[in-house]
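> Let me begin by handing over the structure; questions about it come next.
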Amino acid sequence: MKGQGVRVLLAAYAGALAILGAGAVVGGVLLYDASGPSDAAEAAADEHTYNFATWELQHFPHKWVYWLRHLSSGHSGDEQEQSIHRYFQLTDEIAGLTQERTDPERLAASEAERAGLRADVEHTIEGRITGILEDQGLAMRPPLFGDLGLIFPPVDFELDAPPRVLAISPRDRIELDRSFALEPGLNVEAVSAIERQAESANRGEQGVSALVVGLGGIATYPSIVSGDDSYSQMIDTAFHEWTHQYLVFFPLGRSYFSGGETRTLNESVAQVSGHELARLYFQKYPAVQQSSVSPQPGFDITGEMRALRREVESLLSEQKVTDAEALMATKRDEFAAKGYYIRRLNQAYFAFHGSYADSPASIDPIGPELQLLLVQSGSPGSFLRAAAGVTTRSELESLLGQ
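In numbering that gives the first Met the number 0, the protein residues as written are 0 to 401.
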């Protein structure tokens, strides 16, 4: 390729990345808007709103600054693996020390050591994820430069604390009415106060149901991926958020803000893609053994949650709102006794988590249909390329030949 062509490509590449970063800010504002309090729900969110623009300005250059600083240096494969292993060992240690609250000096030292590993770990994992995506044929070939297979957007994420989300649903039905991005780090007392304030909003005869939800990640650019999750969950989330960024260039991603069915499709495609690509990742690279709490064996949480969802919807359709809420409170306690702790189980819980059609909180047929598309496609890459052009369930069914 001639020098002028390279310069044109690099300029276009840099411009596209800048547009992607700006688009992430706009998308975050559109999706989780709290532009000014017009009722109690917005007022509750406005006091703790998450600033996407500030985060982008602070984090957008990190990957490229790191790359420039390490042009002439690198770590061996063994060193990279040791850094990853140590990072997630420290994550376990930090979680335990935070819960115990008995050794603040050791906690601070562990956090400082982990922070020192973060950039190297991000860089190593980004390269590995890029390789998996290339293996799945997900490289883009720009016009005039078809011989260059590029993973675009480039895999770029920050191990950081994602925002929380205040989800709002009407009490008399399960529907994600609004959602607002909140700053991370809110304690339980602050979260409960936000929910109480939001539920004082007078929207409709029955009022609203509110829930502050923690996120594993969010598809800003670079993506925010929780630095406190396990290695396996973190890889899943990184693929999930990259899928959202990839879909922006296709009909499914461009239609995200149409809401309803299209949003469920988008989130569910990213969910399936994240799970399947993460599975391939761990076939190639070793996992890290981390501590975990095992729920009681033999309990089908997915079946129980979906049965509860149907019961709740039936009660709400009969306008038995208080009965539905009492049932959810009872079931929440039953689930906790089986090892599945849910802080608050209400209409907003089902509305938010129901956007992911493969989750236990969803009874949407889109979930099984996407699993069928995955089987028919033969690989995660083929699945993602096929799903990227779909924007409605009817289009998905046509693709499946139904």
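The beta carbon of each residue, even a glycine, is placed where N, CA and C say it ideally should be.
So Ile131 and Leu264 are in contact, right, with Cβ under 8 angstroms, and what is the actual spacing, rounded?
Incorrect: roughly 23 angstroms between the Cβ atoms, too far for contact.
> Per DSSP, Met139 forms a beta bridge with which residues?
Partner(s): Leu149.
> Quick one: grab the DSSP three-state call for Ile128.
Reduced to three states, the DSSP call for Ile128 is helix.
> Under DSSP, the beta strand (DSSP E) around Glu157 begins and ends at which residues?
Note, Glu157: beta strand (DSSP E), Phe156 to Asp159.
> What do you get for Lys62, buried or exposed, if any count of 16 or more other CB atoms within 10 angstroms of its CB means buried?
Buried: at least 16 other Cβ atoms inside 10 Å.
> Going along the chain, which residues of its own chain have a beta-carbon closer than 6 angstroms to the beta-carbon of Leu314, five neighbours each way excluded?
Excluding sequence neighbours, Leu314 sits near Asp322 and Ala323.
> Using DSSP with H/G/I as helix, E/B as strand and the rest coil, what is Pro250?
Here Pro250 sits in helix by DSSP.
> Measuring CB atoms only, is the segment 178 to 195 touching the segment 275 to 284, in the sense that at least three cross pairs come out at less than 8 angstroms?
Cβ pair count under 8 angstroms is below three, so no.
> If you reduce the DSSP assignment to three classes, tell me which class Pro103 lands in.
Helix.
> Could you compute how far the alpha carbon of Arg172 sits from the alpha carbon of Leu307?
Between Arg172 and Leu307, the C-alpha separation is close to 14 angstroms.
> Which residues in the same chain have their Cβ closer than 6 angstroms to the Cβ of Leu143, if we skip the five residues on either side of it in sequence?
Legend: pLDDT at Leu143 = 49, less than 50; position of this residue unreliable, value from coordinates given subsequently. There are no such residues.
> Are Gln289 and Tyr230 close, meaning C-beta to C-beta below 8 angstroms?
Yes, these two residues count as a Cβ contact at 8 angstroms.
> Go ahead and pull the three-state DSSP assignment for Gly216.
In this structure, Gly216 counts as strand in the three-state DSSP scheme.
> Going by DSSP, which residues form a beta bridge with Thr390?
None; Thr390 has no bridge partner.
> Expressed to the nearest angstrom, what Euclidean distance is found between the alpha-carbon atoms of Pro60 and Ile300?
One C-alpha to the other measures close to 42 angstroms.
> Report yes if the CB atom of Ala40 is closer than 8 angstroms to the CB atom of Ala197, and no otherwise.
In this structure, Ala197 lies closer than 8 angstroms to Ala40 by Cβ.
> Using the three-state DSSP reduction, which class does Ala360 fall into: helix, strand or coil?
Of the three classes helix, strand and coil, the one that applies to Ala360 here is coil, per DSSP.
> Given a threshold of 16 other Cβ atoms within 10 Å of its Cβ, counted over all protein chains shown, does Lys1 qualify as buried or as exposed?
With a pLDDT of 47 at Lys1, under the threshold of 50, the modelled position of that residue is not reliable, and no figure is offered here.
> Quick check on DSSP: helix, strand or coil for Ala286?
Ala286 falls in the coil class under three-state DSSP.
> Within a Cβ cutoff of 6 angstroms, which residues of the same chain sit near Gln79, ignoring the five residues on either side of it in sequence?
The answer, listed in chain order, is Thr123.
> State the Cα-Cα distance for the pair Pro379 and Ala218, rounded to the nearest angstrom.
If I take the Cα positions, the gap works out to 19 angstroms.
> Counting pairs of Cβ atoms below 8 angstroms between the segment 87 to 104 and the segment 340 to 348, do you hit three or more?
They do not touch, by the three-pair rule.
> State the Cα-Cα distance for the pair Ala237 and Gln205, rounded to the nearest angstrom.
So the two alpha carbons sit approximately 39 angstroms from each other.
> Pick helix, strand or coil for Ile167, following the three-state DSSP scheme.
Correct three-state label for Ile167: strand.
> Between His58 and the rest of its own chain, which residues show a CB-CB distance below 7 angstroms, the 5 nearest in sequence each way excluded?
Cβ neighbours of His58 beyond the five flanking positions: Glu157 and Pro221.
> What is the rounded straight-line gap between the Cα of Leu181 and the Cα of Asp332?
Going by the C-alpha atoms only, they are around 27 angstroms apart.
> For Arg68, report the span of its beta strand (DSSP E) as first-last.
Run containing Arg68: none in the beta strand (DSSP E); it sits in the alpha helix (DSSP H), His61 to Arg68.
> Please check the pair Phe266 and Tyr355, which I expect to be a contact at CB under 8 angstroms, by giving their CB distance rounded to whole angstroms.
One point to set straight first is that residue 266 is Glu, not Phe, in the sequence displayed. Right, their Cβ atoms sit about 5 angstroms apart.
> Taking three-plus beta-carbon pairs below 8 angstroms as touching, is the segment 382 to 395 in contact with the segment 241 to 255?
Cβ pair count under 8 angstroms is three or more, so yes.
> Take the Cβ of Glu317 as the centre, count every other Cβ of all protein chains shown within 10 Å, and call the residue buried at 16 or more, exposed below.
Exposed: under 16 other Cβ atoms inside 10 Å.
> Quick one: using the 10 Å Cβ neighbour count with 16 as the cut-off for buried, is Gln3 buried or exposed?
Any reading at Gln3 needs caution, since the residue's pLDDT is 47, under 50, leaving its predicted position unreliable; the model's value is listed next. Under this definition Gln3 is an exposed residue.
> Could you tell me which of Arg127, Gly126, Ile128 and Phe151 sits nearest to Ala138, measuring between CA atoms?
Here the closest residue by C-alpha is Phe151.
> Which two residues bound the contiguous alpha helix (DSSP H) that contains Ile300?
Ile300 to Ser316 is the span of the alpha helix (DSSP H), which, as asked, contains Ile300.
> Is Ile83 near Val287, with beta carbons less than 8 angstroms apart?
Yes. Within cutoff.
> Check this for me: beta carbons of Leu383 and Ser254, under 8 angstroms apart or not?
Contact: no.
> Residues in its own chain within less than 7 angstroms of Thr129 by CB, not counting five upstream and five downstream?
Ile150 and Val154.
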